[in-house]
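Let me begin by presenting the structure, written as C-alpha cells, before commenting on it.
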Amino acid sequence: MTFLFKTGSFWLAALLSSAAGLSAQEIRPPVPGSSVPAAPAVSLAPPALAPDPTRLAKISQLGEVPDWNTLAAYNQTLTREEFETAWKSIYSAEGGLPPPFEITPSAVMVPTGDPTKPMVRIEFRTGATSPAKRQQFSWRSTRDLPPLKGRPPLSDLHIALDPGHIGGPWARMEERFLSFKPGESIQEGDLSLLTAQVLKERLMALGAVVTLVRDKPEPVTELRPPDFQDVALKTLIEAGVPKPLPTYEGVAGDAKILTVQWQTEKLFYRVSEIHARANKVNRQIKPDLVVCLHFNAESWGPSEAPQFSPQNHLHVLVNGCYAAVELEQADTRHEMFSRLFQRVHEEEIPLAAAVADGLADTTRLTPYVYTTPNARHAGKNPYVYARNLLANRLYQCPVVYLEPYVMNHEESYRRLLVGHFVGRTLIGGRLTTSAIEDYVRGVVQGLVSHYQSQRRSS
Ligand SMILES: [Zn+2]
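Number 173 in numbering that gives the first Met the number 0 belongs to position 174 of the sequence shown; there are no gaps in the numbering.
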C-alpha cells in the first residue's frame, strides 16, 4: 500500500496534509477499485489551488531547504519541446493548472522562494548544442550500461530492492497488520521483505548486483515517535486544531488523525523512515534502479473486525503528477526539476511497463483504476500510473513502485498466509501457486524482457 487512511476520509486527510505542508498526493483514498464507477468529475476535483507566489518558500515535513545551484548542471540538457512534453504528459497533474514557473523561448525560470535569489534559470538545449554528459548522475540508464556481449541480461546492473514499510513489531502502528482469525495474520512489511529476499537471489543469478534497502523488520531511521512531539503539535495547530488530544486511546474514526500520537507515529514510520531510506539509497547504495515492493489493500474497516474486499488488482507507479499545492514546497519543486531534467521518466516508464506486463502475466491481476486526481496514466500501459510519492521523489534515480494484490481480497489473503513456496499446494481445497513466487517471477520476467531487448549487445 502506498498511504491509506483506513479510518479517515481522503479530503480530510488531504486538507490536513496541505495545511501542514505535507504532500496530499501521498494519501490514498479509502475506497479505490476498478469496479467503482467514476463519480462526476466535479465531486472528485481537488480544491482548485493554483500555486500561490507568496507561499513558494514552504518546505515539506522533515524536508530541507534545497540547493538551487545544483540545477545549473541541467543547462542545455533538454530542448524546450522535451521539457514541455514531460511536464504536460507526466509531471503535472491532469487539468492544466498554471505551473509555478515560467517557460520562455530559451529557458525555464524557476522561483526559489529565497528572497536573496528569487529565480533560477535553466537554459533549454537548442539544435546547435550537444546534450550534457550523463556522468553527473549517480545512476546509469539502460543505454549507458556496458554491452552484454553474451552475458546474462542483468549483468553490471545495480538494483536496490526496497521492501515497503517496516513490519515485525511495528506493523500494527503502521496499520499494516491484517488478521481475520485469532492466531493468523499477514503484515505488509514482512511480506515485502520476504519477496525482496527471494527476488534478490533470482536477480543475482541473472548477473545483477542487488542491495536491500532494509533487510530486517526494523526501521532504517534512528528516530522514534517521541522525537516528533513538537513537529506533530505544530502541524496540528497550523491545521486548525489548537488543542489536539495527546493520544488516540478511545478515539474512533477520522478523529484519530487529529491526535498528537497519530501524527508522531506517522512522522516516524513514514516521513522519517522514507527520508532515512533516501539517504541510504542516494549516499550509500547509489543504484541504477530502485524497485519498491508493496502489497495493496482496499479499505478493510476497523483492524479488530476487518472486511474482505471483492477487489483484487495490480498497478505500477512512476514519479509524476505533482499537484499545484505540492509544487509550492521549495524542496518538492527542486526534486521534480532534478528528476525531469535527468530524464528519469525516460527510464522509469518503459521499465514500469515491462515489469507491469511481467506481473500481469504471472499474477493474472487486472489493472487498478484510479478515480482520484492524485494519479495519472504514464505512457500507454494500463497498469502504469504516475504519482508523487515520498519514496519515488526522494530516491535520486529511476524508481519502479509495485502494488500487486489486494491483501484483504479473500483468496490473496489465504495465499499470502502460506508465505513463499515453489510449485502448487492446496489452499482452500484448490491447488494454488504461491502469491509471493508469482510476484517474484513477474518482476524477473519484466526486468529480463526490458534489459534483454533494450541493452546494447555489443
Ligand atoms: Zn505499501
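Note that the Cβ used here is the ideal one computed from N, Cα and C, for glycine as well.
> Do the segment 424-433 and the segment 443-454 meet, that is, are 3 or more Cβ pairs less than 8 Å apart?
Replying inline: no
> Does the distance from the CB of Pro-397 to the CB of Leu-350 come in under 8 Å?
Replying inline: yes
> Should the segment 262-272 be regarded as contacting the segment 139-150, the criterion being three or more beta carbon pairs within less than 8 Å?
Replying inline: In short, these stretches do not touch, since the Cβ pair count stays below three.
> Is DSSP giving Asp-143 helix, strand or coil here?
Replying inline: helix
> Roughly how many whole angstroms lie between the Cα atoms of Glu-303 and Pro-65?
Replying inline: 43 Å
> DSSP state of Arg-419, grouped into three classes?
Replying inline: One detail in the question is off: residue 419 reads as His in this sequence, not Arg. In this structure, His-419 counts as coil in the three-state DSSP scheme.
> Taking 7 Å as the line, does the beta carbon of His-344 fall inside it for any heavy atom of ligand 1?
Replying inline: no
>> Can you tell me which residues form a DSSP beta bridge with Glu-458?
In response: Nothing in the structure corresponds to residue 458, since the chain is present only between 0 and 457.
>> Let me confirm a value: Leu-425 is counted as buried when at least 16 other C-beta atoms fall within 10 Å, else exposed. Which label applies?
In response: exposed
> Which residues, in chain order, sit with a beta-carbon under 5 Å away from any heavy atom of ligand 3?
Replying inline: Ligand 3 is absent from the structure shown, which contains only ligand 1.
> When you compare each of Phe-294, Thr-103, Gly-206 to Ile-185 by their alpha carbons, which one comes out closest?
Replying inline: Phe-294
> If you draw a straight line from the alpha carbon of Pro-216 to that of Asp-189, how long is it in whole angstroms?
Replying inline: 7 Å
>> Could you check whether Val-290 and Val-208 sit closer than 8 Å to each other, using their CB atoms as the reference points?
In response: no
> Taking just the CA atoms, how far does Ser-337 sit from Asn-281?
Replying inline: If you take the alpha carbons of Asn-281 and Ser-337, they lie about 13 Å apart.
>> My output table needs one value for Thr-1: the three-state DSSP class, helix, strand or coil.
In response: coil
>> So for Ala-37, helix, strand or coil by DSSP?
In response: Annotation note: pLDDT 30 at Ala-37 (below 50); position unreliable, coordinate value reported separately. Ala-37: coil per DSSP, three-state reduction.
> DSSP state of Lys-242, grouped into three classes?
Replying inline: coil
> Among the residues of its own chain, which have a CB less than 8 Å from the CB of Val-197, if the five just before and after it don't count?
Replying inline: His-419, Ile-435, Glu-436, Val-439
> Do Ala-377 and Val-368 have their C-beta atoms closer together than 8 Å?
Replying inline: no
> Straight-line CA distance for Ala-275 to Val-354?
Replying inline: 26 Å
> Does the Cβ of Arg-139 have 16 or more other Cβ atoms within 10 Å, making it buried, or fewer, making it exposed?
Replying inline: By the neighbour-count criterion, in which 16 or more other beta carbons inside 10 Å mark a residue as buried, Arg-139 falls on the buried side.
> How is the alpha helix (DSSP H) around Leu-190 delimited, first residue to last?
Replying inline: Following the DSSP letters along the chain, one finds Leu-190 inside the alpha helix (DSSP H) bounded by residues 187-204.
> Excluding sequence positions up to five away, which residues of its chain have a Cβ less than 7 Å from the Cβ of Gly-20?
Replying inline: Interpretation of Gly-20 is limited by its pLDDT of 39, a score under 50 that renders its predicted location unreliable; no figure is taken from the coordinates.
> Quick one: what's got a C-beta closer than 7 Å to Gln-451's C-beta in the same chain, skipping five residues either side?
Replying inline: Pro-152
>> My output table needs one value for Val-30: the three-state DSSP class, helix, strand or coil.
In response: Since pLDDT at Val-30 reaches only 32, below the 50 mark, its modelled position is unreliable, and the value read off the structure follows with that caveat. Val-30 falls in the coil class under three-state DSSP.
>> Among the candidates Trp-299, Thr-84, Val-240, whose CA atom is the shortest distance from the CA of Met-406?
In response: Trp-299
>> Since Ala-204 and Pro-162 should fall inside the 8 Å C-beta cutoff, what is the C-beta to C-beta distance between them, to a whole number of angstroms?
In response: Not really, about 19 Å apart at Cβ, beyond 8 Å.
> Are at least three pairs of beta-carbons, each pair with one atom in the segment 211-225 and one in the segment 246-258, less than 8 Å apart?
Replying inline: no
> If you follow the alpha helix (DSSP H) that Thr-210 is part of, which residue opens it and which one closes it?
Replying inline: From DSSP, Thr-210 is part of no alpha helix (DSSP H) but of the beta strand (DSSP E) over 208-211.
>> For Pro-224 and Gln-453, what's the separation of their Cα atoms in angstroms?
In response: 45 Å
>> For Met-335, tell me which candidate among Leu-389, Arg-423, Leu-416, Pro-403 has the shortest Cα-Cα distance.
In response: Leu-389
> Whose C-beta lies closer than 6 Å to the C-beta of Val-30 among residues of the same chain, with five residues either side of it excluded?
Replying inline: Because Val-30 carries a pLDDT of 32, less than 50, the predicted location of this residue cannot be relied on, and no value is offered for it.
> Can you pull the DSSP bridge partners for Ser-308?
Replying inline: His-408
> If you compare alpha carbons, which of Ala-71, Gln-262, Asn-391, Pro-117 is closest to Glu-173?
Replying inline: For Glu-173, the closest of Ala-71, Gln-262, Asn-391, Pro-117 by C-alpha to C-alpha distance is Gln-262.
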